[in-house]
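Take a look at the structure below.
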Amino acid sequence: MTTNQQTNKPTNQQTSSPFAADDLLWRQLKTIPAFRAILRAVESRFYYAVDLPGPTLDVGCGDGHFAQMTFDRRIDVGIDPWWGPLNKAYRSDQYDQVLQGMGDRLPFPDHTFASAFSNSVLEHIPDVQAVLNDTSRVLQMNGRFLITMPSQYFTEWLGGAQFFDKLNLSGLADRYRNGFNFISRHVHTDSPEVWAARLAAAGLAVERWQYYFSPQALHALELGHAQGLPAAAMHFLTGHWIVAPWESSLGMTERWLRPFYNEEAQERGAYVLFVARKVADGPIEAHLPPARPFTIAELETAVQRRQPLPQPSDWSAGVPPAVVAREKPALPEEQEEENPRPFDILAAGLLLLAVALAFIGQSTAAGATTSPPGGLRWFVYSFVALLLFVWRVGSGRREGGGKRPSLNLRALTISRRRWWYLAGLLLVVFANRQAAGGNPPWPPLLTLSLWLVGVAVGFYALYSPSARPPEASEGRGPPLAANRRFLLIGSLVLFFTALLIRAAGLTSHPFILNGLEAGIGLDVSAVANGLARNPFATGWLTNPTLPYFLMAVPVKLLGPSVLSIRFLSPLIGALTVVALFWIGTRLWSLEVGLVAAVLLAGSHFHLHYSRLGLTNIWDGLFLLLALGLLGVAWTEGKNGRPTRLAWLLTGLLIGLNAYVYTASHLLPLILLALLLVALLIDRAALRQQAGHIVAAALLALLVALPQILFYAANPGVFMDRFQSYGILSGQTGWLAQEAISTGRSQLALFGEQMQRALLAFNAAGDVSPAYRPGVPLLSTIPAILLALGVMVALLHWRQARYALLLAALGITLLFGGALLLETPSSHRLVLLAPLLSLLAALGLVALGRWALALRPGGNDDDGRPDWLIPALLIVAMLLSLNEMFFYYGRYRLAYTFGDRNTEVAQGIADYLNTLDGANATAYFYGPPGMYVSFPTIPFLATGFHENQNLFDVPPADAAGEFTLPQPASGSLAFIFLPERIDELGAVEEMAGNGRFFSFPGHHADPLFYVYEVELGER
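Residue numbers for the sequence shown follow this note's numbering, beginning at 429 and rising by one.
Right, dumping it as structure tokens:
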């Protein structure tokens, strides 16, 4: 073992190469195509002449081939964003540690490495400055950084371009140069002066530099690209570039390239080498010393002796005095401490103006008496003021990322493990076949078990637990990973608090069972009684039936009742609060996660649907988990951590969204919008994670396949309700009809629809039969915070975590609001409730941080004060309490839930349950206003059945030949709606000596009358 002469620490162990007996050119020729071999051989020789003490970092290690052919020792760390080549580097055993990561976010502490190198990598990275800055950050002071890349002469000297130039075909010459750069994936072919400036901006001073590679050598490389096509095909088929790596077969190629390998450096070259040293932790003055090329004799001596050339002790003589005199310039934080920033009254005024304008917009929307409500323009003004504030304080700067494209052809190879996916697919298809009517029919539990086994097999097939580079032990990771106890305790507190809020008085508030709840209740009762056996079908109002099989458990145990049908909703709502806490914390920060969870826990909007026997509350949980895990998987992938598990969990949740109504229709559109955004702004990251995305998509398909097959077998079911409520031609045609009746343009009417949708949460316009609170779905301050949160998201729309929120919000408001009748309807929008709380939390946290930044000497990048989270939580709790007081106070006492018929149905069902269904017959004088088939009656009054012992009585003028059925014994109950009480006289004549009484109500008083007769009393 050798030691580092500077640090006296052990360096990496020596390794033996199978090509150790070959010189550098032969090593390369025997392993890669000739055009790459000559260039890499020339570059390899430089590394023998330059001392790179350990620990050493290889920035952009790729498949590790260059390091394996160059170094006689192992490199400490290799890092690269591309998974396929990185696996080769891992298997090469050339590195002590191989990590997947981005060059501008290196997962290491400051001053970790004594040296670093990046061989022909930086020219591929668009935002190369960010990579240089972060590489400098992890370098020790005086650490050396060796880099190679094409120079400005690369494209100028290309033989094909020179040929076209001689023919005066400059256009074709330019196209040839651009095409060659495109093939080579070059983003930068710059002069040494440009690179020296970039290095200086990262605190790196040029120690020595030189051109290399003559025009003739470049022409050989250029010609070799065409000759390398057969090698590329061979590599695709066999995994090897060179099939016959023998000197006898490569001798002619070696003799052709040897002169270029041995040529001395010239004043100009197609490539350039830099040896730089870190001299500061910040920018320095740019300085390019005179070129100091190595001679071939010097390089060969270094190669033969396996020792770097001695470097002159006065290397810094060429560096500007300002750099040498100050190794470490004052950090920005230190400068701010010496010169604290004064209070910026203009920025404070702009922030207050933005909040005030949002307040005016909210007040205008909430107080509107016309439709569509006003106030939208005030939110636009608020956003403009906020943009000016952000510009003033210098926040919201666009962040770039160093990325380079890659095409891993070996990824097309399908491993044996992946074929298990077909087995999972067969199991899922078979489960669906049995559920749809197998012969003999299977119990639903067995069908569901087979489906789950198929999904588990598919998960196993797509998961990749082996052959992965280890994760970084330093750097970024899940927030609060070291304090999981806090997260667990916080989650439990949030869960039980949210559950208590949602479960208290569950049967008495809302005070009646909604007809929508009862309709689902009938389907759930059918499942509980074994009458419905397909978990992959649709039921009431085309709702998917899978959730019914879980809802059937309490109905089976407790019987059909208000409690049993609502039993699971508080649990789902409370789980949504906890999921929001985790996702907000994971994607943003602890304060965002806590504030969002507290806001959601008390939100009257979410609270209400968490107490109804509907599946709408499931939409919010499934959509939140799918989008949240998508954000986590994407972010982890960009940060260089293995993400297959996160992506598969994302696929699992995306697939489960097929089994809830609203999310199943909107999530595909949201994902499509996010894909378009990624294609627009982050294609490199999309390519980087393509394998994981495909795996997630395959698992999502496997999970959702039974429901998809049901829709395929029943055309029209999936879009039935959208067609029934859509405003466009081919649907209801409302837009065209309204334009004709009002004389206004369709565009103007659609603009009003959009305005109603955009202000759905800020204005008191909910028309849903499932709620109608009479106030905005968000109270004043949360609505303002939501507007601010949307503005914050718009400022950071290029970041995936914000794009998720914006896409979900925009798609839902368009397709679940503006394009449908009866908008806004809260039951279509409740799936957004968790995301609304998250946006409001972002607005509140941003407001707090901006306020801190406005303090004298403050900065928005300063550390978080200890009191910030408690202060934000107090504000969030007060806002939640305000919404809870409304829901359990004013809304409860108003008795606006449901309508008269809903309350009548509940009253009739409660009354019928006081009778003995086996010895009683009931006649309902309700048509045409109401019928005994109203879902609440058959769901709750299980002892009575339509046309058996419960009958509708048509009005006298429409009765025709109708005759009341006459039971032989028992009791008779004649139930009258108020509008038909005048028919009581005829009943009294027919069945006298009865008891007459009325039932009071909130929507009407009386609700209905009952005339009760015992047959023995007549």
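Every residue gets a Cβ at the ideal spot worked out from N, C-alpha and C, and that includes glycine. Keep in mind that this is a model prediction, so the values were computed, not measured.
Spatially closest choice to residue i from the options, by CA coordinates
| i | options | result |
| --- | --- | --- |
| residue 1227 | 1188, 1016, 1398 | 1016 |
| residue 492 | 535, 563, 546 | 546 |
| residue 1252 | 933, 1189, 959 | 1189 |
| residue 1162 | 1248, 1254, 1191, 1279 | 1248 |
| residue 923 | 963, 1014, 975, 1025 | 1025 |
| residue 553 | 516, 580, 617 | 617 |
| residue 1036 | 1002, 1078, 985 | 1002 |
| residue 1208 | 1200, 1372, 1192 | 1192 |
| residue 575 | 702, 1114, 1183, 462 | 702 |
| residue 495 | 475, 511, 1183, 1429 | 475 |
| residue 521 | 981, 1423, 499, 1125 | 499 |
| residue 971 | 1440, 1136, 1198, 1043 | 1043 |
| residue 1257 | 1266, 1229, 1275, 1196 | 1196 |
| residue 1422 | 1441, 1053, 1098 | 1441 |
| residue 377 | 999, 1141, 1312, 1276 | This structure cannot speak to residue 377, because the chain is shown only from 429 to 1446. |
| residue 1206 | 1264, 1220, 1170, 1243 | 1264 |
| residue 713 | 776, 631, 732 | 631 |
| residue 986 | 953, 1006, 1013 | 953 |
| residue 1412 | 1384, 1393, 1428 | 1384 |
Boundaries (first-last residue) of the beta strand (DSSP E) holding residue i
| i | result |
| --- | --- |
| residue 606 | Where residue 606 is concerned, there is no enclosing beta strand (DSSP E), although the alpha helix (DSSP H) it sits in stretches over 598 to 612. |
| residue 1063 | Where residue 1063 is concerned, there is no enclosing beta strand (DSSP E), although the alpha helix (DSSP H) it sits in stretches over 1044 to 1066. |
| residue 1254 | Segment 1254 to 1257 is the alpha helix (DSSP H) holding residue 1254; no beta strand (DSSP E) there. |
| residue 1138 | That residue, residue 1138, is in no beta strand (DSSP E); its alpha helix (DSSP H) goes 1118 to 1141. |
| residue 1404 | 1399 to 1404 |
| residue 527 | 523 to 528 |
| residue 1376 | No beta strand (DSSP E) holds residue 1376; DSSP gives it neither H nor E. |
| residue 637 | 632 to 640 |
Residue i classed as buried or exposed, judged by whether at least 16 other C-beta atoms fall within 10 angstroms
| i | result |
| --- | --- |
| residue 843 | exposed |
| residue 541 | buried |
| residue 942 | buried |
| residue 1030 | buried |
| residue 1272 | buried |
| residue 974 | buried |
| residue 504 | buried |
| residue 594 | exposed |
| residue 808 | exposed |
| residue 917 | exposed |
Span of the alpha helix (DSSP H), counted from its first residue to its last, around residue i
| i | result |
| --- | --- |
| residue 712 | Premise fails: residue 712 is in no alpha helix (DSSP H) and is neither H nor E. |
| residue 1335 | 1328 to 1340 |
| residue 621 | 620 to 629 |
| residue 472 | 462 to 477 |
| residue 951 | 943 to 956 |
| residue 1220 | 1208 to 1223 |
For residue i, three-class secondary structure by DSSP
| i | result |
| --- | --- |
| residue 1005 | helix |
| residue 456 | helix |
| residue 569 | strand |
| residue 1307 | helix |
| residue 997 | helix |
| residue 1319 | helix |
| residue 683 | helix |
| residue 1154 | strand |
| residue 891 | coil |
| residue 702 | strand |
| residue 429 | Its pLDDT being 37, under 50, residue 429 is placed unreliably in this model, and the coordinates cannot settle the point. |
| residue 1083 | helix |
| residue 1199 | coil |
| residue 970 | helix |
| residue 502 | coil |
| residue 1407 | helix |
| residue 1180 | helix |
| residue 1439 | strand |
| residue 541 | strand |
| residue 579 | coil |
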